[in-house]
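Q: Residue numbers (the numbering used here), protein chains in the order written: chain A, 1 to 451; chain B, 452 to 902.
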């Protein structure tokens with residue numbers, strides 16, 4: 001039934017079985033950690049009204065996929081229904097869900113959301129058009145306690161510690177620091193200045209300075225902006241370093257206090273996980289307090305794998321405002337890079353720990369009974385697809401990385417199980433034998449990079 | 452930033468936290484059972500070329516959602532890229548994935564796939580436009596061993612046994628039985644006859660007989676067709692009952708043997724789970740052997756929650772043919788009905804088992820340390836959002852169904868933990884206290900129907 005030409009679609013990654021096991025492990029660790037921290041799961045529909053997707057400030061550059069029933073001829077679409085598009089992040093649908101269900105949710109509402117999102121990018125190397133994000137947010141009614149801004153990066157720091165990856169550094173800033181600082185040195189155009197300073201990583205300090213002067217800042221202002229952006233400390237010393245620049249402004253004080261609280265919480269709970277980095281700007285248009293970015297140590301050029309921040313108005317229905325703070329892990333981008341560089345591997349390409357051999361097709365039922373006994377004790381297994389020679393059945397297991405092959409006994413013949421890696425073969429009871437914990441499920445581990 | 456009107460979209464269900472916990476439990480049980488049986492996970496992209504979606508036989512009635520970049524003006528779409536649509540099932544993408552990756556997969560390939568699918572139905576009560584399916588399939592190259600046709604329904608029978616639902620009955624038939632039987636009584640138009648007999652549940656035997664005669668069958672042929680469709684047995688006696696109808700045909704013999712093998716495997720492994728039901732027809736156009744449907748006992752009018760069958764050509768590239776057998780659980784439809792009837796509930800609306808109270812905002816760090824100690828031992832918890840009066844903190848836990856509130860000690864004051872259901876409060880050590888297993892994670896259980 002399926003003779004249509006097979007077409008690879010650029011930007012829509014799909015994983016083979018062993019890679020998918022790596023992805024599942026990552027998603028399981030993320031979910032488990034979020035749940036340990038009391039976040040509740042949310043899954044929103046894939047589509048939102050296009051109005052809502054376009055309505056979000058500063059996202060004109062996000063490419064939206066529109067969704068229409070093929071059966072509708074152009075112009076025939078029911079006018080009672082809004083035009084729909086696929087969501088391009090998880091924040092827009094979350095905000096809509098909060099407004100729609102505010103009366104039925106308990107606030108502060110802690111939710112996590114792990115889902116695919118879509119961006120209608122033009123096909124291009126390394127650009128995903130479908131990818132998985134894993135977000136946590138806390139949203140409250142009217143006011144949001146500042147301690148949540150310290151909590152978010154510590155939850156993801158725990159996620160990263162539990163994953164088989166290198167050291168992740170979460171860089172934290174507070175938007176009020178540059179804002180107060182800029183105002184303190186007489187800069188009115190805070191957003192425009194930030195936008196230029198944000199190019200620091202890409203174009204370097206000289207060009208940033210030139211652009212600032214071109215945009216009307218004085219030489220002295222530009223130097224001060226660069227001095228501020230250059231401050232990065234693992235402890236609270238960033239406060240003194242900012243003070244040493246001699247700038248005074250109440251908004252700057254607020255920002256320094258808030259960032260110090262976040263860094264202090266990090267030093268208490270996860271020393272080394274957070275860094276105060278005053279060049280981090282992010283999403284100028286809606287973040288209003290703490291902002292986060294995250295880099296994998298030794299792979300800074302890969303950019304940020306996890307970012308977010310605080311918004312004073314995550315959502316608003318005109319009467320009530322819902323401030324929030326959230327952080328989002330770019331799961332697909334992280335996995336795509338780790339897998340393509342061979343930095344993480346799975347020990348096998350199937351959940352099965354055991355292949356139960358079949359002696360002859362007539363005794364398949366006996367092999368199935370062994371498998372049922374193993375499964376009843378939580379041991380994943382499958383029964384060999386055919387009563388081929390044992391050598392062939394062992395090769396079937398070997399090709400998939402299944403570590404054990406079970407040879408069913410009968411009458412006087414004992415059951416035996418063979419570890420096909422070592423060749424060791426021992427008598428075994430289907431009601432009692434258990435593999436070592438590390439062989440029960442596929443092991444996902446960091447690997448040396450491929451040459 | 453979010454003042455656009457909030458719009459409910461008919462057919463796109465979304466769950467509140469407690470309902471989502473029920474859904475997660477169902478999905479976890481399904482995944483765990485599939486993995487115990489050695490199925491590997493596959494996730495395919497959400498979109499396929501429209502050609503491929505339309506190409507599948509017999510699916511002209513499936514409504515497809517087309518996907519286009521909003522940024523592309525009509526007609527501007529890059530001609531190098533195929534027109535895309537959202538998948539409406541998991542079989543079409545699976546078949547395409549097999550063809551695309553045949554050289555990198557090990558056959559027989561056992562995969563499970565739990566994903567959203569979309570159908571562009573017109574908005575209508577009870578019709579989902581986005582819903583979750585959970586499929587298993589086994590596909591092989593050239594030939595597929597018949598024992599897989601017995602395995603599929605036994606795997607889903609185990610899923611249903613592990614779920615907090617009533618008894619599911621999996622009805623099994625083999626397409627060769629009606630085919631051989633019809634040919635044996637001189638009927639040439641097998642497909643046309645099946646299509647009419649398939650209406651039995653909806654319009655009853657008299658009307659089916661009238662339609663058959665109208666379509667050119669004799670009275671005697673129509674009676675024989677109805678006699679065959681009326682046979683339903685939990686054991687192997689269906690074979691004798693078919694034989695008693697006195698019809699002979701080699702294809703009928705093949706079908707009876709194959710169905711007997713499936714029912715026999717069911718009697719061995721899961722007595723009562725399978726029923727031979729000779730009226731089951733399903734997907735006339737591609738199923739070629741065993742077919743399955745599943746009903747919840749006492750709720751037969753809700754229709755089938757799980758169906759599938761064998762195809763001789765799941766996929767083909769013109770040179771190689773890939774026969775397969777699969778079965779698909781309609782997770783959203785099942786959950787939607789159970790939740791709307793109040794037949795299943797979660798014990799709480801958050802993963803958190805413990806709320807760690809905060810004595811005063813300055814000691815939040817001490818509460819966070821208690822939470823970290825509990826989490827290190829796998830106990831999900833959250834820290835109270837504010838240092839409100841303890842009564843208010845307890846109400847916060849109560850509203851979410853969190854069973855325990857922890858009161859941090861300090862100095863001479865012991866830590867204490869309160870079970871807010873019983874009111875019992877005891878001294879406790881953050882490094883040692885553990886809740887009962889049934890309180891550790893939310894309990895999802897069958898409930899009496901709401902009045």
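Yeah, the Cβ is synthetic: ideal placement off N, Cα and C, and Gly gets one too.
1) Pop quiz: residue 552(B) and residue 16(A) are said to be a contact at Cβ under 8 Å. What is the actual Cβ separation, rounded to whole angstroms?
2) Can you look up residue 471(B) in the DSSP assignment and give me helix, strand or coil?
3) Against chain B, does residue 116(A) count as a neighbour if the rule is that its beta carbon must be under 8 Å from one of theirs?
4) Assuming contact is defined by CB atoms lying nearer than 8 Å, are residue 408(A) and residue 374(A) in contact in what I supplied?
5) Following the continuous alpha helix (DSSP H) through residue 392(B), name the residue where it begins and the one where it ends.
6) Determine the closest residue to residue 263(A) out of 306(A), 148(A), 286(A) and 184(A), with distance taken between C-alpha atoms.
7) Would residue 432(A) pass as an interface residue toward chain B - the criterion being a Cβ-Cβ separation below 8 Å?
8) Under three-state DSSP, which class holds residue 567(B)?
9) Strictly below 8 Å CB to CB, what residues from chain A border residue 517(B)?
10) Quick one: does residue 536(B) have its CB under 8 Å from some CB of chain A?
11) Using 8 Å as the threshold, is the C-beta distance between residue 802(B) and residue 38(A) below it?
12) Can you tell me whether DSSP reads residue 871(B) as helix, strand or coil?
13) Secondary structure at residue 453(B), three-state DSSP: helix, strand or coil?
14) Could you tell me which uninterrupted alpha helix (DSSP H) segments, each at least 4 residues in length, are contained entirely in the segment 676 to 723 of chain B, listed from first to last along the chain?
15) Run the CB neighbour count on residue 779(B), radius 10 Å, all protein chains shown included, and call it buried at 16 or more, exposed below.
16) Residues in its own chain within less than 6 Å of residue 156(A) by CB, not counting five upstream and five downstream?
17) Classify residue 771(B): buried if its beta carbon has 16 or more other beta carbons within 10 angstroms, exposed otherwise.
18) Find the nearest neighbour of residue 198(A) within the set 344(A), 293(A), 63(A) and 261(A), judged by alpha-carbon distance.
19) Under 8 Å Cβ-Cβ, which residues of chain B neighbour residue 400(A)?
20) May I ask you to verify whether the segment 487 to 502 of chain B touches the segment 795 to 813 of chain B, counting CB pairs closer than 8 Å and requiring at least 3?
21) If you drop the 5 nearest sequence neighbours on each side, which residues of the same chain put their C-beta closer than 6 Å to that of residue 673(B)?
22) On the premise that residue 889(B) lies in contact with residue 878(B), defined as a C-beta separation below 8 Å, what is that separation, rounded to the nearest angstrom?
23) Please check the pair residue 896(B) and residue 793(B), which I expect to be a contact at CB under 8 Å, by giving their CB distance rounded to whole angstroms.
24) Taking Cβ positions, are residue 383(A) and residue 371(A) nearer each other than 8 Å?
25) Tell me which residue opens and which closes the alpha helix (DSSP H) that residue 629(B) is part of.
26) Between residue 97(A) and chain B, is there a C-beta pair that is closer than 8 Å?
27) Taking just the CA atoms, how far does residue 26(A) sit from residue 251(A)?
28) Starting from the Cα of residue 481(B), find the closest Cα among 635(B), 695(B) and 586(B) and give me that residue.
29) Closer than 8 Å by C-beta to residue 404(A): which residues in its own chain qualify, once you throw out the five before and the five after it? Chain order, please.
30) Should residue 740(B) go down as buried or exposed, given a rule of 16 or more other Cβ atoms within 10 Å for buried?
31) Assign residue 494(B) to one of three DSSP states: helix, strand, or coil.
32) Let's see if you can read the secondary structure: which residues bound the alpha helix (DSSP H) around residue 895(B)?
33) What residue range is occupied by the uninterrupted alpha helix (DSSP H) comprising residue 744(B)?
34) Please report the straight-line C-alpha distance between residue 386(A) and residue 708(B), rounded to a whole angstrom.
35) Taking C-alpha atoms, which residue in 579(B), 693(B), 819(B) and 839(B) lies nearest to residue 729(B)?
36) Take residue 169(A) as the anchor and find which of 43(A), 107(A), 200(A) and 303(A) has the nearest alpha-carbon.
A: On the basis of the coordinates in this document:
1) 7 Å between Cβ atoms; contact.
2) Reduced to three states, the DSSP call for residue 471(B) is helix.
3) Against chain B, the CB of residue 116(A) has a partner CB under 8 Å away; the residue lies at that interface.
4) Pairing residue 408(A) with residue 374(A) gives a Cβ-Cβ distance that is not under 8 Å.
5) Outside the displayed span of chain B (452 to 902) sits residue 392(B), for which this structure offers no information.
6) Selected option, being the one with the closest Cα: 148(A).
7) With 8 Å as the cut-off, residue 432(A) does not count as an interface residue toward chain B.
8) Residue 567(B) falls in the strand class under three-state DSSP.
9) Per Cβ cutoff of 8 Å: 67, 68, 69 and 70.
10) Put simply, the CB of residue 536(B) is near chain A, with a gap under 8 Å to one of its CB atoms.
11) In contact: residue 802(B) and residue 38(A) (Cβ atoms closer than 8 Å).
12) Reduced to three states, the DSSP call for residue 871(B) is coil.
13) Any reading at residue 453(B) needs caution, since the residue's pLDDT is 43, under 50, leaving its predicted position unreliable; the model's value is listed next. Coil at residue 453(B), not helix or strand.
14) Listed in chain order, the complete alpha helix (DSSP H) runs (minimum 4 residues) inside the segment 676 to 723 of chain B are 689 to 694 and 701 to 720.
15) Buried, by the Cβ-count rule.
16) Closer than 6 Å at Cβ, skipping near neighbours: 306 and 327.
17) Counting the other CB atoms within 10 Å of its CB gives residue 771(B) a total below 16, which places it among the exposed residues.
18) Cα-wise, what sits closest to residue 198(A) is 293(A).
19) Residues of chain B passing the Cβ test: 557.
20) No, they do not touch.
21) Excluding residues up to 5 positions away in sequence, 660, 663 and 664 lie with their Cβ nearer than 6 Å to the Cβ of residue 673(B) in the same chain.
22) In this structure residue 878(B) is not in contact with residue 889(B), their Cβ atoms being roughly 22 Å apart against a cut-off of 8 Å.
23) Rounded, the Cβ-Cβ distance is 12 Å, inconsistent with contact.
24) Yes.
25) Per DSSP, residue 629(B) belongs to the alpha helix (DSSP H) from 627 to 635.
26) At a cut-off of 8 Å between beta carbons, residue 97(A) contacts chain B.
27) Straight-line Cα distance between these residues: approximately 39 Å.
28) The shortest Cα separation from residue 481(B) among 635(B), 695(B) and 586(B) belongs to 586(B).
29) Contacts found: 353, 354, 355, 397, 417, 418, 419, 420, 435 and 439.
30) Buried, by the Cβ-count rule.
31) DSSP places residue 494(B) in coil when its eight states are reduced to three.
32) Note, residue 895(B): premise wrong, no alpha helix (DSSP H); beta strand (DSSP E) at 895 to 897.
33) Counting along the chain, no alpha helix (DSSP H) covers residue 744(B); the unbroken beta strand (DSSP E) around it starts and ends at 741 to 747.
34) The alpha-carbon atoms of residue 386(A) and residue 708(B) are separated by roughly 19 Å.
35) Ranking 579(B), 693(B), 819(B) and 839(B) by CA distance to the CA of residue 729(B) puts 693(B) first.
36) Comparing alpha-carbon positions, the option among 43(A), 107(A), 200(A) and 303(A) lying closest to residue 169(A) turns out to be 303(A).
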